[in-house]
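Chains as they are written, first to last, in the numbering used here: chain C, 67 to 304; chain W, 67 to 304.
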DNA sequence: TATTGTACGGTTGTCTGATAACCTTATATG
DNA sequence: CATATAAGGTTATCAGACAACCGTACAATA
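Dropping the structure here:
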C-alpha cells in the first residue's frame with residue numbers, strides 16, 4: 067500500500083509558512099534593510115495564494131518588527147534593531163550554553179527583585195508567598211505540583227516588587243527555564259535535594275518578611291547559585 | 067447626531083488596536099485561560115469592523131502566543147505558560163511611573179552586564195566601544211547622532227558579555243527607554259549636562275578595559291543613577 | 001448494549017472582487 | 001519657478017462566498 071504523504075502534509079498554516087519564507091529572505095539579506103518588498107499582488111501571484119494570505123503573512127512580519135508598511139507606498143524591510151517584542155524559541159534552550167546564558171541573565175533580576183520585594187511587599191503579598199511555600203513543603207514533595215509551587219513562589223516575589231516589568235520579564239524568563247528543565251528531565255536530580263531547596267526558599271521568605279533588602283538579596287543569590295550548581299551550570303561570578 | 071465612541075476610533079492601524087484591546091481582556095483575566103473567544107463574526111460586529119480586521123488582530127495575538135486558534139472550533143486564550151514573547155506597548159511608557167519601573171528593571175541588568183563585559187570582552191569589543199564613544203565626543207555634541215551613539219555604546223557593552231540574552235533583553239529595554247525619552251522631548255534637558263554623561267561613559271569604558279568587574283559595575287551603577295536623577299526618576303536603592 | 005457511520009450546524013481558513021485612503025510622480029497653470 | 005491638480009499605483013478595509021474542519025446528535029449495525 068502506498069500512502070501519499072505529500073498530500074496530507076499540505077497543512078500547517080499557510081500564512082505562517084509564507085511569512086517565514088519572506089522573513090528568511092530578509093534575514094539572509096536577499097532583501098536589504100530599507101528595501102521595498104514586492105507588492106501584495108505580486109507576492110500573491112508568486113506564491114500562488116490569495117492576497118489575504120499574503121497580508122496575514124506581512125502582518126505577522128510587521129508584528130515581529132521585520133517589516134514596516136506605509137499605506138499607499140509599500141512594505142519595507144527594517145533592520146532588526148527595533149523590534150517590538152522579545153521572543154525565545156524553545157528549541158534554543160536545548161543547547162546547554164544557551165540555557166546557561168539565560169540563567170545568568172536571570173540571576174541579577176531575581177536578586178534585585180528580592181531586594182525590591184523586601185521593601186515594597188504588602189501583607190497580602192506575604193500571605194500568597196506563604197501559600198506557595200506551603201504547597202512546596204506539603205505532602206507530595208516534588209511532584210509536578212511542587213515544581214509549579216516553586217514557580218509560583220518566584221513569580222510572587224516578582225509581583226511583590228510592585229513593578230510590572232519585573233513580573234513580566236522574570237515571569238517570562240523563569241517560565242522558559244523551568245520548561246527547559248522539564249523537557250530535559252533533569253527534574254529527577256532535584257528530587258533528592260528538595261529539602262535544601264525548601265530551606266533556601268524559607269530563608270528568602272524570612273528575609274523578605276523582615277523587610278531587609280540586603281539579606282533578601284543575599285538569600286536569593288545563595289539560592290540561585292545553589293540551584294545553578296545542582297543543574298551543573300557554571301556561572302560567572304566575582 | 068450621536069457618535070459611538072465605544073467603537074474603535076479609526077485613525078491608525080485598526081487591527082493593532084483591536085488586538086491590544088482583546089489582549090487586555092486576556093491579560094486582565096476577563097477572558098480566562100483556556101476560555102473560548104467570541105467568534106470572528108461576533109467580534110467584527112462588536113467592534114464595528116470587518117472580519118478581515120478581526121482576523122488580523124487575532125493573527126497578531128496568536129503570533130504573540132496569547133491565543134490559539136483551531137479551525138472549525140474557535141480561538142482560545144492560552145494560559146500564559148506558553149507565551150512565546152514579551153511585548154511592551156509604547157503607549158504604556160508615556161506614564162511616568164511605568165517609565166520609572168522599566169528603568170528600575172534596566173538597572174541591575176546593565177550593572178551585571180558591565181561586570182560580565184569586563185571579564186568576557188575581546189579586543190574587537192573594545193574597539194567598537196571606543197568607536198561609539200568617539201561619536202559621542204565628536205563635534206556635534208548631542209544631536210540625534212549622539213543619542214544613537216549612546217545607544218550603541220550600551221548595546222556594545224551588552225554584546226561584550228557574549229551572552230546572547232543580555233544583548234537581546236538589554237537592547238530591547240534600552241531601545242524602549244530611549245524612544246520614550248525622545249517622544250517626551252526630554253532630550254533637551256540632556257543637552258546641558260552632556261559633558262558629565264560622557265565622562266561617566268569613559269569611566270565605564272576604562273573599567274572595562276582594565277578587566278575589573280567590580281569597578282565596571284560601580285561605574286555603570288553611578289552612571290545610571292546619574293541618568294535617572296537627570297530624568298527626574300526616583301529609584302529605589304539601598 | 002456498544003460501536004460505528006453519517007448528517008448537520010458552526011467556526012476558522014482561504015479566495016475573489018470592490019472601494020477607500022494614501023502616497024508619489026508627472027503635468028498643467030499662474 | 002513655484003504651486004496646484006490630475007493620474008496611477010499601493011496598502012487598508014470591506015463584503016460575501018466557498019472550502020476545510022470540528023464536535024455533536026442521531027441513526028444504523030453488530
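For each residue, glycine too, the CB sits at the ideal point set by N, CA and C.
Secondary structure note for residue 136 of chain W: its beta strand (DSSP E) is the uninterrupted segment 133-136. Not a single unbroken stretch of the alpha helix (DSSP H) spanning 4 or more residues falls wholly within the stretch 165-192 of chain C. Those residues of the stretch 178-201 of chain C placed with their C-beta closer than 8 Å to a C-beta in chain W are 178, 181, 182, 185, 186, ordered along the chain. For residue 141 of chain C, the enclosing beta strand (DSSP E) has its first and last residue at 140-143. The stretch 91-101 of chain W makes no contact with the stretch 290-297 of chain C: fewer than 3 CB pairs, one atom from each, lie closer than 8 Å. In this structure, DSSP gives residue 153 of chain C an extended state, which the three-state scheme calls strand. Exclusion of the five residues before and after residue 216 of chain W leaves 202 as the residues of its chain whose Cβ lies within less than 7 Å of its Cβ. A direct Cα-to-Cα measurement between residue 298 of chain C and residue 172 of chain C gives close to 16 Å. Just so you know, the alpha carbons of residue 124 of chain C and residue 109 of chain C end up roughly 10 Å apart. Listed along the chain, the chain W residues whose CB falls inside 7 Å of the CB of residue 248 of chain C amount to none; the nearest CB is some 11 Å away.
Rounded to the nearest whole angstrom, the C-alpha separation of residue 126 of chain C and residue 152 of chain W is 15 Å. At least one C-beta of chain W is nearer than 8 Å to the C-beta of residue 234 of chain C. For residue 165 of chain W, there are no neighbours in chain C by C-beta distance under 9 Å, as the nearest C-beta there is about 10 Å away. With its beta carbon at least 8 Å from every one in chain C, residue 222 of chain W lies outside the interface. The Cβ atoms of residue 223 of chain C and residue 183 of chain C sit closer than 8 Å to each other. Taking residue 140 of chain W as the centre and dropping the five residues before and after it, the same chain places the C-beta of 102 closer than 6 Å to its C-beta, in chain order.
Our two residues, residue 136 of chain C and residue 105 of chain C, have alpha carbons roughly 12 Å apart in a direct line. By the Cβ-count criterion, residue 181 of chain W is buried, with 16 or more other Cβ atoms from all chains shown falling within 10 Å of its own Cβ. Residue environment analysis places residue 248 of chain C among the exposed positions, since fewer than 16 neighbouring C-beta atoms fall within 10 angstroms of its C-beta.
Inter-residue distance for residue 132 of chain W and residue 88 of chain W is about 10 Å (C-alpha atoms, whole angstroms).
For the pair residue 232 of chain C and residue 116 of chain C, the Cα-to-Cα distance works out to about 43 Å. As DSSP reads the structure, residue 102 of chain W sits in a beta bridge with W/142.
With 16 or more neighbouring CB atoms inside 10 Å of its own CB, residue 167 of chain C falls in the buried class. Looking from the CA of residue 174 of chain C, the closest CA among C/275, C/267, C/240, C/142 belongs to C/240. For residue 79 of chain C, the secondary structure class from DSSP, reduced to helix, strand or coil, is coil. At a beta-carbon threshold of 9 Å, none of the residues of chain W lie near residue 274 of chain C; the nearest stands roughly 13 Å away. If the five residues before and after residue 198 of chain C are omitted, its C-beta is found closer than 7 Å to the C-beta atoms of 215, 218, 219, 222, all from its own chain and listed in chain order. Against chain C, a Cβ distance below 8 Å from residue 81 of chain W picks out 125. Burial of residue 226 of chain W is indicated by the presence of at least 16 other C-beta atoms within 10 angstroms of its C-beta. The Cβ-Cβ distance between residue 193 of chain W and residue 279 of chain W does not fall below 8 Å.
Minimum Cα-Cα distance from residue 179 of chain C among the listed residues C/86, C/90, C/113, C/234 corresponds to C/234. Here DSSP, grouped into helix, strand and coil, assigns residue 228 of chain W to coil.
Below the 8 Å Cβ cutoff, chain C contributes 174, 175, 177, 178 as neighbours of residue 174 of chain W, in chain order. Closer than 8 Å to the CB of residue 106 of chain C there is not a single CB belonging to chain W. Contact of residue 300 of chain W with chain C is not assigned, every C-beta pair being separated by 8 Å or more.
Measuring C-alpha to C-alpha distances from residue 284 of chain C to each of C/85, C/129, C/176, C/92 identifies C/176 as the nearest.
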